[in-house]
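In this note's numbering, the protein residues as written are 114 to 660.
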């Protein structure tokens, strides 16, 4: 084995988005593409000529196509960088929340997670890489920006010419002077979850005949759900479906929402539906919850968990506070006000919750994009959310639907929907947002599509912990009755741009709680078109996806 220093030239566009660098697999398969990014990461972390002496790196991914090849490359580069040890999930597998748990429990210096989250997989699908810091959370913006800047000037990368290691066998192996420890990918995460929830109560729930259908969507959440829900909690075999992680997710889109988890929705809407449904995404950090014949919005899910948190052992002492991303509905704000705890509004991206969690300012946090989590790790956590719901059903004796309707009775229903316009030419999407921003100074006090606008702005966030400022995080148009329309461009796609339009209307009248969301939100849809001219800019008559 020898260490090599090989020449390279920069690739344009290696700028990480909200959750790392995501591109098509074919882009990552280009010679030197992955190597350049990893070298830039190591150069920023350790200085251009410094070794990672004595440090431990965590490594794993969601098992999508190219995961195993990328793992071998990163291991050889980590050895060249002088890492003392790498903790590698067996088979190259680690869910995103599990990777965070491993980093924290083993006090690693950080971790590399290979995932494009909920994006499609396979040879023609997407791939991604991101770095999580020593707290277990995604790299902050200042670090990702520094990595990008380094990718634009990189001239060489270092790598060992060692043979590939065996990824599927537990135990230790060597690359140069670095120890690679292949670990059980479930063990550390399961230990954390076991410390939070009343497993005895959940076991008793299943023993009474409670029926759950957990759809792992042929993704990495399957082994975790099988081990814990069926293995430890005694749910019947077959409770977890589509449980084997496949490199192409079975040709499906592993995004747990009603548009893509059609099979799960069909089962929960059937006459013989189970009591509860759940799904997780490609890297198992997102979740969708359903009751029998009843869909739960992620915004409502966060609010329900907040309202009942003290009934779960890990949160029995109460919550320090809660946080939500700005586009997420204000349902949790209303619960937090009733509980007299702080509620923080952040930009989209889990990294913005990290400082609040580390500072002890919040305990629970969530995003409308089917992500919820707490201070047990520094990522959203799909399995955690499912266990939280199971724990609440077990101890309250209420169904999923009854818990949500109880929230609506107490605080009103925040009727909510997200409309996605995918694959827009980037220049057209930018033009739409530029024209929208130009209107902001004059929108307040006017009526648009018959709706009285109270105020409008471009959301900016000042971190209450470190004082950092994030600008242009989404345009908000707020009506006099507190209804909202939010516009932002997503940073999670790999082709063109995605415009997300978020619609929210608070409905205190219980007699109107069952009005279909799209019907209740129709006036806001008209406002969105009138103010942003979406059809004109995109050429699209309707959203690609509505959730």
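All residues carry an ideal CB built from backbone N, CA and C; glycine is no exception.
Subject >> Rounded separation between residue 665 and residue 365 - CA only >> reply: Outside the displayed span of the chain (114 to 660) sits residue 665, for which this structure offers no information.
Original post:
Going along the chain, which residues of its own chain have a beta-carbon closer than 6 Å to the beta-carbon of residue 196, five neighbours each way excluded?
Top reply: Within the chain shown, residue 196 is the residue found at index 83, counting from 1. So the list reads 165, 168, 170, 291, once near-sequence residues are dropped.
Subject >> Close beta carbons around residue 118, own chain, < 6 Å, minus the five adjacent residues each side >> reply: Here residue 118 corresponds to residue number 5 of the chain shown, with the count starting at 1. Excluding positions up to five away in sequence, the list reads 269, 271.
**OP:** In angstroms with no decimal places, state the Cα-to-Cα distance between residue 602 and residue 500.
**Re:** By one-based count along the chain shown, residue 602 stands at place 489. By one-based count along the chain shown, residue 500 stands at place 387. Here the C-alpha atom of residue 602 lies approximately 32 Å from the C-alpha atom of residue 500.
Subject >> Pairwise C-alpha distance: residue 495 and residue 509 >> reply: Numbered from 1 along the chain shown, position 396 holds the residue referred to as residue 509. Numbered from 1 along the chain shown, position 382 holds the residue referred to as residue 495. Spanning the two alpha carbons is a distance of roughly 21 Å.
Subject >> DSSP-derived helix/strand/coil call for residue 413 >> reply: Taking the first residue of the chain shown as position 1, residue 413 is located at position 300. For residue 413, the secondary structure class from DSSP, reduced to helix, strand or coil, is helix.
**OP:** Would you mind stating whether residue 392 and residue 439 have Cβ atoms separated by less than 8 Å?
**Re:** As a first step, residue 392 must be located in the chain shown, where it is residue number 279. As a first step, residue 439 must be located in the chain shown, where it is residue number 326. Contact: no.
Subject >> Identified DSSP bridge partners for residue 394 >> reply: Taking the chain shown and counting its residues from 1, the one referred to as residue 394 is at position 281. Paired residues: none, contrary to the question.
Original post:
What alpha helix (DSSP H) runs, 4 residues minimum, are completely inside the segment 285-354?
Top reply: Qualifying alpha helix (DSSP H) stretches, in chain order: 300-309, 312-320, 334-338.
Subject >> Of the residues 230, 639, 431, the one placed nearest residue 614, counting alpha carbons only >> reply: Numbered from 1 along the chain shown, position 501 holds the residue referred to as residue 614. Answer by Cα proximity: 639.
Original post:
Is the beta carbon of residue 245 less than 8 Å from the beta carbon of residue 208?
Top reply: To locate residue 245, count along the chain shown from 1; it is residue 132. To locate residue 208, count along the chain shown from 1; it is residue 95. Between residue 245 and residue 208, the C-beta spacing is not below 8 Å.
Subject >> Whole runs of the alpha helix (DSSP H) within the segment 588-642, excluding any shorter than 4 residues >> reply: Within the segment 588-642, the alpha helix (DSSP H) runs of at least 4 residues that lie entirely inside it are, in chain order, 630-633.
**OP:** Return the Cβ separation of residue 328 and residue 374 in integer angstroms, given the expectation that the two are a contact with Cβ distance under 8 Å.
**Re:** Locating residue 328 in the chain shown gives position 215, where the first residue counts as 1. Locating residue 374 in the chain shown gives position 261, where the first residue counts as 1. Right, the Cβ-Cβ distance comes to about 6 Å (below 8 Å), so this counts as a contact.
Subject >> Under 8 Å between C-beta atoms of residue 481 and residue 583 >> reply: By one-based count along the chain shown, residue 481 stands at place 368. By one-based count along the chain shown, residue 583 stands at place 470. Going by C-beta atoms, residue 481 is not nearer than 8 Å to residue 583.
**OP:** Determine the direct distance from the alpha carbon of residue 620 to that of residue 360, and round the result to whole angstroms.
**Re:** Taking the first residue of the chain shown as position 1, residue 360 is located at position 247. Taking the first residue of the chain shown as position 1, residue 620 is located at position 507. If you take the alpha carbons of residue 360 and residue 620, they lie about 43 Å apart.
Subject >> Cα-Cα separation, residue 622 to residue 633 >> reply: Here the question's residue 622 lines up with position 509 in the chain shown. Here the question's residue 633 lines up with position 520 in the chain shown. The alpha-carbon atoms of residue 622 and residue 633 are separated by roughly 12 Å.
Original post:
Helix, strand or coil for residue 149 per DSSP?
Top reply: Reading the chain shown from its first residue, position 36 is the one you call residue 149. In the structure shown, residue 149 sits in a helix (DSSP, three-state: H, G or I).
Subject >> Secondary structure, beta strand (DSSP E): runs of 3+ residues fully inside the segment 477-531 >> reply: Runs of the beta strand (DSSP E) inside the segment 477-531: 477-480, 484-487.
Original post:
Name the DSSP bridge partner or partners of residue 560?
Top reply: Within the chain shown, the letter at position 447 stands for residue 560. Beta-bridge partners of residue 560 (DSSP): 565.
Original post:
Is the beta carbon of residue 395 less than 8 Å from the beta carbon of residue 230?
Top reply: Here residue 395 refers to the residue found at position 282 of the chain shown. Here residue 230 refers to the residue found at position 117 of the chain shown. Yes. Within cutoff.
**OP:** Look up residue 216 in the DSSP assignment and give the residues it is bridged to.
**Re:** Within the chain shown, residue 216 is the residue found at index 103, counting from 1. Looking at the DSSP assignment, residue 216 forms no beta bridge with any residue, so it has no partner.
Subject >> Cα-Cα separation, residue 416 to residue 234 >> reply: For the purposes of this step, residue 416 is taken as residue 303 along the chain shown, with counting starting at 1. For the purposes of this step, residue 234 is taken as residue 121 along the chain shown, with counting starting at 1. Each residue's alpha carbon lies about 32 Å from the other.
Original post:
Is the beta carbon of residue 643 sitting closer than 8 Å to the one on residue 561?
Top reply: In the chain shown, residue 643 corresponds to position 530, counting from 1. In the chain shown, residue 561 corresponds to position 448, counting from 1. Yes.
Subject >> Coarse secondary structure for residue 124, derived from DSSP in three states >> reply: Start at 1 with the first residue of the chain shown, and residue 124 comes out as number 11. Three-state result, residue 124: coil.
Subject >> Contact check, residue 288 vs residue 172, beta carbons under 8 Å >> reply: Within the chain shown, residue 288 is the residue found at index 175, counting from 1. Within the chain shown, residue 172 is the residue found at index 59, counting from 1. By the CB criterion at 8 Å, residue 288 and residue 172 fall outside the cutoff.
Subject >> Spatial distance of residue 384 from residue 598 (CA atoms) >> reply: The residue you call residue 384 lines up with position 271 of the chain shown. The residue you call residue 598 lines up with position 485 of the chain shown. Between residue 384 and residue 598, the C-alpha separation is close to 36 Å.
Original post:
What are the boundary residues of the beta strand (DSSP E) that includes residue 169?
Top reply: Taking the first residue of the chain shown as position 1, residue 169 is located at position 56. Residues 169-174.
Original post:
Quick one: is residue 308 buried, meaning 16 or more other Cβ sit within 10 Å of its Cβ, or exposed?
Top reply: For the purposes of this step, residue 308 is identified with residue 195 of the chain shown, where counting begins at 1. With fewer than 16 other Cβ atoms from the protein chains shown falling within 10 Å of its own Cβ, residue 308 counts as exposed.
Original post:
How would you call residue 493, buried or exposed, if buried means at least 16 neighbouring beta carbons within 10 angstroms?
Top reply: Here residue 493 refers to the residue found at position 380 of the chain shown. Buried, because 16 or more other Cβ atoms sit within 10 Å of the Cβ of residue 493.
Original post:
If you count every other CB in all the chains shown that lies within 10 Å of the CB of residue 589, and 16 or more means buried, which is it?
Top reply: In the chain shown, residue 589 corresponds to position 476, counting from 1. Looking at its Cβ environment, which holds 16 or more other Cβ atoms inside 10 Å, residue 589 is buried.
Original post:
So which of 221, 202, 569, 258 has the shortest CA-CA distance to residue 154?
Top reply: On the chain shown, residue 154 is found 41 positions in, with the first residue counted as 1. The shortest CA-to-CA distance from residue 154 to any of 221, 202, 569, 258 is the one to 258.
**OP:** Return the first residue and the last residue of the beta strand (DSSP E) that residue 136 is part of.
**Re:** Here residue 136 refers to the residue found at position 23 when the chain shown is read from its first residue. Counting along the chain, the beta strand (DSSP E) containing residue 136 begins and ends at 134-137.
Subject >> Secondary structure of residue 664, DSSP reduced to three states >> reply: Outside the displayed span of the chain (114 to 660) sits residue 664, for which this structure offers no information.
Original post:
Which residues bound the beta strand (DSSP E) around residue 403?
Top reply: Counting from 1 along the chain shown, the entry for residue 403 is found at position 290. In this chain, the beta strand (DSSP E) harbouring residue 403 covers 400-404.
**OP:** Compute the beta-carbon to beta-carbon distance between residue 445 and residue 419, rounded to the nearest angstrom, for a pair I have assumed lies under 8 Å.
**Re:** By one-based count along the chain shown, residue 445 stands at place 332. By one-based count along the chain shown, residue 419 stands at place 306. Confirmed, about 5 Å.
**OP:** Output the distance between the C-alpha atoms of residue 160 and residue 202, rounded to the nearest integer angstrom.
**Re:** As a working note, residue 160 is residue 47 in the chain shown. As a working note, residue 202 is residue 89 in the chain shown. Rounded to the nearest angstrom, the two C-alpha atoms are 27 Å apart.
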